Each structure stands twice: as structure tokens, then as C-alpha cells.
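Residue numbers (this note's numbering): 36 to 88. Step one of this worksheet: look at the structure below.
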Amino acid sequence: MTILTGTIPIEIDLPESDLDTICQCENNNTLQRYFFKNFSHEKNFKVYLTKWN
Numbered sequence: 036m037t038i039l040t041g042t043i044p045i046e047i048d049l050p051e052s053d054l055d056t057i058c059q060c061e062n063n064n065t066l067q068r069y070f071f072k073n074f075s076h077e078k079n080f081k082v083y084l085t086k087w088n
């Protein structure tokens, strides 16, 4: 299955954001730990998790 998406059509775009990432994963906790480990030092770093069925 292929899903094509963007931040504007699903209304999660932010004017002050320079990069938005959309991911699919089996384990949100593992993905969240990865992002925090590798990117939490970046200015204004934030992670938002949403589960879609």
C-alpha cells in the first residue's frame, strides 16, 4: 500500500516550522526515543504522536 500525504492537506502545517515529518511505525515509543536521541538538541524540537486507524 502506498500513502501519499502532505502537511497542508491533513492540516498539520505550521508557519514557523521548516520541516514536518510523517512516519508510520509499529511501535510509537521506539520511534519517539529515536527522534529524541538524535534530534532533541535542535532548537524548538517537538514530537507529536497521533494514532490513525
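Glycine included, every Cβ here is placed at the ideal spot set by N, Cα and C. Predicted model, so just to flag it, every value in this text is computed and none were measured.
query                                                                                                                             : result
In three-state terms, what does DSSP make of residue 70?                                                                          : helix
Are residue 62 and residue 84 touching if we call contact CB-CB under 7 Å?                                                        : no
Starting from the Cα of residue 78, find the closest Cα among 46, 58, 51 and give me that residue.                                : 51
Would you tell me roughly how many angstroms separate the C-alpha atoms of residue 43 and residue 56, rounded to the nearest one? : 12 Å
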